[in-house]
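Undergrad: Counting from 174, one number per residue, gives the positions in the sequence shown under the working numbering. Cβ atoms here follow ideal geometry from the backbone N, Cα and C, with glycine treated the same way.
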Amino acid sequence: ETQAAGIFIEHWSLPATTFSGDVLSISTAPDGKIFALLADATGHGLAAAITTLPLLTVYHSMVDSGAPIRSILAVANRTLLDNLPSGRFIAVSMLCIDTAQQSIELWNGGMPEMLMLDARGEVTQRFISHGIPLGVISRSIEDFETETIHMLPGTQLIVYSDGISEARNPAAEEFGMTQFEQTLAASPAAARIQHIKEALRQHLKMPSGHDDITLMTVLCAQ
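1) Quick check: what's the CA-CA separation for HIS376 versus VAL391?
2) Is the segment 218 to 227 close to the segment 256 to 265, with three or more CB pairs under 8 angstroms?
3) Counting Cβ pairs closer than 8 angstroms, one from the segment 363 to 371 and one from the segment 234 to 254, do we hit at least three?
4) Applying the 10 Å Cβ sphere with the 16-neighbour rule, what's the burial state of GLN274?
5) What residue from ASP316, MET350 and GLY336 has the CA that sits closest to SER186's CA?
6) Please determine, among ALA394, LEU197, ILE245 and PHE208, the residue with the shortest C-alpha to C-alpha distance to ILE277.
7) Alpha carbons only, please: which of HIS323, HIS233 and GLY382 is nearest the one belonging to ARG341?
8) Could you tell me which residues DSSP puts in a beta bridge with MET287?
9) Under 8 angstroms: do the segment 199 to 218 and the segment 232 to 243 share three or more Cβ pairs, one atom per stretch?
10) If you reduce the DSSP assignment to three classes, tell me which class ASN281 lands in.
11) Please classify HIS376: does DSSP put it in a helix, a strand, or coil?
12) Here's a check: name, in chain order, each residue in its chain whose Cβ is nearer than 8 angstroms to the Cβ of HIS233, leaving out the five neighbours to either side.
13) Taking a contact to mean a Cβ-Cβ separation below 8 angstroms, would you say MET289 touches LEU279 in this structure?
14) Note down the Cα distance separating THR321 from ALA345, rounded to an integer number of angstroms.
15) What are the start and end residues of the alpha helix (DSSP H) that includes VAL248?
16) Report all residues from its chain with a CB closer than 6 angstroms to the CB of ALA394; omit the five preceding and five following residues, and keep chain order.
17) By DSSP, does ILE314 sit in helix, in strand, or in coil?
18) According to DSSP, is THR387 part of a helix, a strand, or is it coil?
19) Where does SER338 fall in DSSP's three states?
20) Am I right that VAL309 and PHE262 are in contact with their C-beta atoms under 8 angstroms? What's the rounded C-beta distance?
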């Protein structure tokens, strides 16, 4: 858990194998803003995990230097184009959290829609992917259009990889977005990750899914 000035960040991951193609990193910039990266590389296992290393190197270096989110995305995209084999790319959700303003600048490239929940657990906003994954085509910094949202007390942003909704049980039935959102709505904010873990465990009926699973919540305290 990461906590700063009324913002609480929690996360959980369940790799499909020993090595995960999902990566999640939370870092603090020199000005105190909190960056969060959730990335999902093509495939899973060791090959996918290795794919994420150039992205993480750029991300950590540029957050430490105080770079804005759009610059980080542009440099990361160029680095992945230069370093990844053909057919390999990385879907990314990236957040820049300003705890002083209780605002979040966000970008979604190829990831599932982020969900904003109100204090009752109902979805009030959906932040769909507005860009293709990183490492696919050459792009300039102007191509990375971000959104900025203001967090109200009791609201919570849900960021996740597609391994959750696509988690299949032995009968090949997917967990699905309907069940995911119903479980979120039925849970108090502080217990949502635990309730999703339990719901997935009952659905999968096995220790892990066929794909990597990652979930992050960002709560604005009441």
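TA: Let's see:
1) 25 angstroms
2) yes
3) no
4) exposed
5) GLY336
6) PHE208
7) GLY382
8) PHE300
9) yes
10) strand
11) helix
12) SER198 and SER200
13) no
14) 38 angstroms
15) 242 to 256
16) GLY179
17) helix
18) strand
19) coil
20) 5 angstroms
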